[in-house]
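K.L.:
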Amino acid sequence: MTQPLTEIRVVDMTIAVQGPVASLYLCDMGAEVIKVEPPLGDPTRYQRGHDNQTPESTIGPQYVAANRGKRSLSMDLTTELGLNAMLKLIDSADVFLTNFRAKALDQLGLGFEALNARNPRLIYASVNGFGPTGPDTDKAMLDGAAVARGGLAHMTGMPDGPPVIPGAIIGDTAGGMHLALATMTALFARERTGLGQRVQTSALGTQLWLQQWELTHTAMTGATLTRAGSHHPNIKGPYGIYPTSCGGAIMLAQTMQQEAWDAICAFGNIAEYAFDARFNTPRKRLGEGITTEDSEEIRAALEKAFAGKTALEWDAFLRTQPEAIWERVRDWHQVLQDEQSLANGYLSQVQVPGFGPTTVAGNLVTLSDTPGAHPGDPAMLGEANQEVLSDLGIPQEDIDAIETRAAEVREAGLAELNVR
100 MTQPLTEIRV
110 VDMTIAVQGP
120 VASLYLCDMG
130 AEVIKVEPPL
140 GDPTRYQRGH
150 DNQTPESTIG
160 PQYVAANRGK
170 RSLSMDLTTE
180 LGLNAMLKLI
190 DSADVFLTNF
200 RAKALDQLGL
210 GFEALNARNP
220 RLIYASVNGF
230 GPTGPDTDKA
240 MLDGAAVARG
250 GLAHMTGMPD
260 GPPVIPGAII
270 GDTAGGMHLA
280 LATMTALFAR
290 ERTGLGQRVQ
300 TSALGTQLWL
310 QQWELTHTAM
320 TGATLTRAGS
330 HHPNIKGPYG
340 IYPTSCGGAI
350 MLAQTMQQEA
360 WDAICAFGNI
370 AEYAFDARFN
380 TPRKRLGEGI
390 TTEDSEEIRA
400 ALEKAFAGKT
410 ALEWDAFLRT
420 QPEAIWERVR
430 DWHQVLQDEQ
440 SLANGYLSQV
450 QVPGFGPTTV
460 AGNLVTLSDT
470 PGAHPGDPAM
480 LGEANQEVLS
490 DLGIPQEDID
500 AIETRAAEVR
510 EAGLAELNVR
């Protein structure tokens, strides 16, 4: 079957997370993504994971996760041969995608104006930390800093504790998906206009977008919310995570029907709250019209109820209540074995050079007639140099010189790292 982005060529000049995730999504939709890396490669190739637990002979987990299925070129763009090869590659592309700083790209001759003049149909997609204008447009950004600037860290954590960074790189990952969506929108617009255009997103913009409700609530009410730990700062009532007797936990979101609420109260030995007028409608159980004291009271009762049984006991019981919205809290080892995720292809297997098979987050989109691609394997650094550069008509002696230069820079760089 034809994939949605078949015959779309993406030149990926990205590092870290936000940019690579954007091109990864395009790759999952069938685009040919050619990742152009410096001689030392994307730095995430060498990140060994928690406590350096992955072997040095393989590719780092972060690189595997965000760059599987892409082709890899390795060139020194500060040389004439390397830069000319890059320009020739971009001339053949539909999309140039980058998260490098604009000033650095302009210095290389890879800014929007220069590339648009060469290839008017090119979609020039870029993402940075703070947006294309404003006093901080050139300031560096990583996910944790974006979470802090956007306010999410301030609202995460215990009420009497400090701000907390989320346990996953959700901001940069969502930012990459925003850039992918914007890029596909520009490709659709090109079908109508025949012309490419510049596409820009940012980590800061993504953080604000992810908190639409919370920010709008603050703007409209003027309320000053506080961190709520295992609950939501803007939702009173039962909504939250409750520890169980085995060390596990259950997230209880809502009970749509009174029968489900009654059953939960009975099972948890807090039957007196089943018909309590303060909590006898779904809207009240999401905090509407109840006081802070009421909210604290029902949460304390539920904490006692959930602590009286194991997570598996609650799991088995709650599965008999289809009108209850809940989930057992799972760790990442359990997530990797989740039957529902496996059944939908949300988890897939890839082969990692020097390591073997491993599990990655797969294609999350299902299209009935034009399905996306099965996740491909991550490439070794510069693996596609010969094939891609030859197809561009670059003479073999120039390809050899490009590879020799990359190898020399790589050797010198690795030697310097070892000294340090």
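Numbering-wise (the working numbering), the sequence shown opens with residue 100 and increments by one. All residues carry an ideal CB built from backbone N, CA and C; glycine is no exception.
1) With C-beta atoms as the reference, is L186 less than 9 angstroms away from G208?
2) Would you check if there are 3 or more beta carbon pairs closer than 8 angstroms linking the stretch 302-321 to the stretch 248-265?
3) Near F366, which residues of its chain fall below 6 angstroms by C-beta distance, leaving aside the five closest residues on each side in sequence?
4) From T284 to G295, what distance separates their C-alpha atoms?
5) Under the three-state reduction of DSSP, which class applies to R519: helix, strand or coil?
6) Using the C-alpha atoms, what's the distance from E106 back to N484?
7) Taking the CB atoms as reference points, tell me whether P477 and G275 lie closer together than 9 angstroms.
8) Counting Cβ pairs closer than 8 angstroms, one from the stretch 360-374 and one from the stretch 314-326, do we hit at least three?
9) For A192, I'd like the list of residues in its chain whose CB is within less than 6 angstroms of its CB, leaving aside the five on either flank, ordered along the chain.
10) Would you kindly report the start and end of the unbroken beta strand (DSSP E) that includes G455?
11) Count the CB pairs spanning the stretch 414-432 and the stretch 349-363 that are closer than 8 angstroms, and state whether there are at least three.
12) Since E52 sits in a beta bridge, which residues does DSSP pair it with?
13) Can the beta-carbon of I349 be found less than 9 angstroms from the beta-carbon of Y341?
14) Extract the residue ranges of the alpha helix (DSSP H) inside the stretch 250-338, only unbroken runs of 4 or more that lie entirely within it.
15) Any idea if R291 is buried or exposed, counting beta-carbon neighbours within 10 angstroms, 16 or more meaning buried?
16) Provide the residue span of the beta strand (DSSP E) that contains T354, from first to last.
17) Can you give me the C-alpha to C-alpha distance between V135 and L446, rounded to a whole angstrom?
18) Kindly indicate which three-state DSSP category S489 falls into: helix, strand or coil?
P.N.:
In terms of the structure at hand:
1) As a working mapping, residue 186 is identified with position 87 in the sequence shown. As a working mapping, residue 208 is identified with position 109 in the sequence shown. Yes.
2) yes
3) Start at 1 with the first residue of the sequence shown, and residue 366 comes out as number 267. Once the five neighbours on either side are set aside, the close Cβ partners of F366 are F416.
4) In the sequence shown, counting from the first residue as 1, residue 284 sits at position 185. In the sequence shown, counting from the first residue as 1, residue 295 sits at position 196. Their backbone Cα atoms lie some 11 angstroms apart in a straight line.
5) Translated into the one-based positions of the sequence shown, residue 519 becomes position 420. Residue placement at R519 cannot be trusted, given a pLDDT of 41 that sits under 50; what the coordinates show is reported in the next sentence. Coil at R519, not helix or strand.
6) The count along the sequence shown starts at 1 and reaches residue 484 at position 385. The count along the sequence shown starts at 1 and reaches residue 106 at position 7. Computed Cα separation, rounded: 19 angstroms.
7) The residue given as residue 477 occupies position 378 in the sequence shown. The residue given as residue 275 occupies position 176 in the sequence shown. It is not a contact, given that the beta carbons lie outside the stated cut-off.
8) no
9) As a first step, residue 192 is located in the sequence shown; it is residue number 93 there, counting from the start. Closer than 6 angstroms at the Cβ level, and outside the excluded window around A192, lie R108 and V110.
10) Locating residue 455 in the sequence shown gives position 356, counting from the first residue. G455 to A460 is the extent of the beta strand (DSSP E) around G455.
11) Yes, since at least three Cβ pairs between the stretch 414-432 and the stretch 349-363 fall closer than 8 angstroms, the two stretches touch.
12) For residue 52 there is no data in the structure shown, the boundaries of the chain being 100 and 519.
13) On the sequence shown, position 250 is the one that residue 349 refers to. On the sequence shown, position 242 is the one that residue 341 refers to. It is a contact, given that the beta carbons lie within the stated cut-off.
14) 269-292, 302-309 and 311-320
15) Locating residue 291 in the sequence shown gives position 192, where the first residue counts as 1. R291 comes out exposed.
16) Here residue 354 refers to the residue found at position 255 of the sequence shown. Start and end: A348 to T354.
17) Within the sequence shown, the letter at position 36 stands for residue 135. Within the sequence shown, the letter at position 347 stands for residue 446. Their Cα atoms are separated by approximately 27 angstroms.
18) For the purposes of this step, residue 489 is taken as residue 390 along the sequence shown, with counting starting at 1. In the three-state reduction of the DSSP assignment, S489 falls in the helix class.
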